[in-house]
Amino acid sequence: MGQRHTVIIGNGIAGISTARHLRKLSKNRITVISSETPYFFSRTALMYVYMGHMKFEHIKPYEDWFWKKNKIDLVQDFVEGIDSSRKTLTCRQTGEITYDDLVLATGSKSSFFDWPGQDLKGVQGLISYPDLQQLEASTPAPGQKDHPVKQAVIVGGGLIGIELAEMLLYRKMDVTLLVREGYFWGNVITQNESVLIAKHAESHGVRILLNTEMKEILDDGSGNVSGILTDSGETIPCQLVGIATGVRPNIDFLKGSSIEINKGILADEFLQTNIPYVYAAGDCVELRNALPGRRAIEPVWYTGRMMGEVLAMTLAGKRSAYRPGPWFNSAKFFDIEYQTYGVVQPRPDDQQQHWFWKNPEENQFVTVAWNPESGKFQGINTYGIRLKHEFFDRALQLGHGVAEVLGSIDQANFDAEFYKKWPGELKKAFVQNTGIIIQQEKKRNSIFSK
Numbered sequence: 020m021g022q023r024h025t026v027i028i029g030n031g032i033a034g035i036s037t038a039r040h041l042r043k044l045s046k047n048r049i050t051v052i053s054s055e056t057p058y059f060f061s062r063t064a065l066m067y068v069y070m071g072h073m074k075f076e077h078i079k080p081y082e083d084w085f086w087k088k089n090k091i092d093l094v095q096d097f098v099e100g101i102d103s104s105r106k107t108l109t110c111r112q113t114g115e116i117t118y119d120d121l122v123l124a125t126g127s128k129s130s131f132f133d134w135p136g137q138d139l140k141g142v143q144g145l146i147s148y149p150d151l152q153q154l155e156a157s158t159p160a161p162g163q164k165d166h167p168v169k170q171a172v173i174v175g176g177g178l179i180g181i182e183l184a185e186m187l188l189y190r191k192m193d194v195t196l197l198v199r200e201g202y203f204w205g206n207v208i209t210q211n212e213s214v215l216i217a218k219h220a221e222s223h224g225v226r227i228l229l230n231t232e233m234k235e236i237l238d239d240g241s242g243n244v245s246g247i248l249t250d251s252g253e254t255i256p257c258q259l260v261g262i263a264t265g266v267r268p269n270i271d272f273l274k275g276s277s278i279e280i281n282k283g284i285l286a287d288e289f290l291q292t293n294i295p296y297v298y299a300a301g302d303c304v305e306l307r308n309a310l311p312g313r314r315a316i317e318p319v320w321y322t323g324r325m326m327g328e329v330l331a332m333t334l335a336g337k338r339s340a341y342r343p344g345p346w347f348n349s350a351k352f353f354d355i356e357y358q359t360y361g362v363v364q365p366r367p368d369d370q371q372q373h374w375f376w377k378n379p380e381e382n383q384f385v386t387v388a389w390n391p392e393s394g395k396f397q398g399i400n401t402y403g404i405r406l407k408h409e410f411f412d413r414a415l416q417l418g419h420g421v422a423e424v425l426g427s428i429d430q431a432n433f434d435a436e437f438y439k440k441w442p443g444e445l446k447k448a449f450v451q452n453t454g455i456i457i458q459q460e461k462k463r464n465s466i467f468s469k
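Counting from 20, one number per residue, gives the positions in the sequence shown under this note's numbering.
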């Protein structure tokens, strides 16, 4: 049997994790195709390049020689079609490339909603390196006072919107953020959290308009943005419109192919599509049977990394199912670090009770969620406090109660030497407000000791 050829479309975290781990496990011939950039880069660090904290070469985790040394062939090209019956790809410049195993790791792109004027110059998302280049070209450099772009409107209240707002504020632009819901990121975080995050963003100079939708993007008469019209009839002058209304799988090139798609590329727990030897990983995947507490599509960095590692084992002959465990994520709202473990619903119900705590002395706050009938811990959101993933992953997997989890939360404190007071204050307030008696940890016999 000859050497198998694994072709990976996409050089983001999912595609490159697949390639790197497959190389460790096999002698397969590996080819990675990307139309975006020749080399893998850290997508989450694009904002730091824009803000001048890093150069683009600094966000490439591996030196350019790494790929040749590890026998991973890189092709910068656009895949126009897939013929799975012949196991052949058609590329715009390279022509045909044949494969034995194909991995679709094509990532996400910004969601647009057919607004009038969305094709004007000055309208863009912030997902890719070309997006960064477009933003660089259309916004003022630091200290440039005579640049025509001075006002921006960002549509959508989520992580990308806040990130884009921070970037534009760094370049001294006036920023207005439109949020369709009654509170910021209302489909993800709780109302208490939302109010504080919105206030924090406003303290940095962001103007936030709640219950507001963009109706139209206005033309200045020469194809450039001059402003936007809201659903209330207000005209907001601007020369840049940032689209931050979420992302969707980048799968348009698969329409009409034999590969089954819905919102994303449909795949089973082994990341196998409906076509033999064709797999999918990362943001573009829609799992046919998502695990409880997980979504079918999860456009998150760590999810892509985990999928790539698991898929590499299958491609190397060690068939492995994707079992991501309890949900977790982290991000930043300006200088406030955000972490979430497990499931904290935006609103409590008869299956989930919430308790909210704010540190009166620091910009730190927490929401704890549990089942009111069983007392089982379900999740936690934290702001301004760094906690250990291993602690909550174990608590959730073992099904511990909220009393046990909070009783041992000192063990989860990532920055214990800097924040010694808050665990004690949190536990005291929890007992006073909920009446639930927590189980204080015993250092030598902790329920979370391995």
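Where a beta carbon is used, it is the ideal one built from N, C-alpha and C, also for glycine.
Reference residue i; option with closest CA among the options
i, options, result
"T117", "H24, A431, P442", "H24"
"G201", "H219, D429, E232", "E232"
"F353", "E82, L273, K218, G31", "K218"
"N378", "A335, G394, A315, E444", "E444"
"K164", "R190, E235, E155", "R190"
"G398", "L178, S222, T359", "T359"
"V198", "P311, G177, L183, G283", "G177"
"T37", "Q22, E55, F59", "F59"
"F410", "E55, I28, V424", "V424"
"S251", "E235, G265, T264, C257", "E235"
"G323", "A300, P343, A220", "A300"
"Q97", "S104, N30, W134, G162", "Checking the sequence shown, residue 97 turns out to be Phe, not Gln. Answer by Cα proximity: N30."
"L310", "V329, A331, P343", "P343"
"L139", "L334, V94, D238, F203", "D238"
"K88", "R42, E380, R62", "R42"
"M326", "V26, I35, G21, Q22", "I35"
"L151", "W86, V68, F85", "V68"
"R39", "Y296, L145, D429, E328", "E328"
"L145", "E115, M186, D429", "M186"
"E99", "G246, A335, P149, I52", "I52"
"V363", "Q451, T333, N400, E253", "N400"
"L93", "Q137, C257, T56", "T56"
"E381", "I32, L215, L154, S104", "L215"
"M70", "E155, L330, I28, K337", "E155"
"H77", "F85, L65, G224", "L65"
"I91", "I28, E212, K128", "I28"
Sequence-distant residues of its chain with Cβ nearer than 8 Å to residue i (five each side left out)
i, result
"P365", "G205, N206, V207, I208, T209, Q210"
"R463", "Confidence in R463 is poor, its pLDDT being 41 and thus under 50, which makes the residue's placement unreliable; the coordinate value appears in the next sentence. Nothing listed; no residue qualifies."
"K395", "W389, G418, H419, G420, V421"
"M192", "T158, P159, V168, K169, Q170, A171, L259"
Residues near residue i by beta carbon distance below 6 Å, same chain, minus five either side
i, result
"L415", "P345, G361"
"Q383", "G403, I404"
"R307", "L285, D287"
"P391", "Q372"
"G283", "P268, C303, V304, E305, I316"
"V385", "W376, T401"
Bridge partners - residue i, DSSP secondary structure assignment
i, result
"W376", "V385"
"T50", "V26, D92"
"L187", "Paired residues: none, contrary to the question."
"I284", "I280, V304"
"Y402", "Y357, F384"
"T109", "G100, E115"
"I255", "I247"
"K128", "R267"
"Y298", "V122, Q291"
"F396", "W389"
"Q137", "None, per the DSSP bridge assignment."
"I262", "V174"
"I236", "I247"
"N432", "L406"
"Q143", "G261"
"D195", "The sequence shown places Thr at residue 195, rather than the Asp named in the question. DSSP, once it has assigned bridges, lists V172, R226 as partnering T195."
"Q210", "Answer is none; Q210 lacks a bridge partner."
"D368", "Q371"
Contacting residues, own chain, Cβ-Cβ under 7 Å from residue i (five flanking each side not counted)
i, result
"A340", "E288, F289"
"S157", "G141, V168, L259"
"T453", "W374"
"K351", "Y357"
"T63", "W320"
"A335", "L41, L44, S45"
"I270", "T125, I280, G283, I284, C303"
CB contact below 8 Å: residue i versus chain C
i, result
"D238", "Although the question refers to chain C, the structure presented lacks it and comprises just one protein chain."
Original post:
Between the region 80 to 88 and the region 122 to 132, do at least 3 Cβ pairs fall closer than 8 Å?
Top reply: no
**OP:** Decide yes or no for the touch test of the region 236 to 243 against the region 95 to 115: beta carbon pairs closer than 8 Å, at least 3 of them.
**Re:** no
Original post:
Pairing CB atoms from the region 37 to 51 with CB atoms from the region 308 to 316, are three or more of them under 8 Å?
Top reply: no
**OP:** At 4 residues or longer, and completely inside the region 307 to 356: list those alpha helix (DSSP H) runs for me, N to C.
**Re:** 320 to 334
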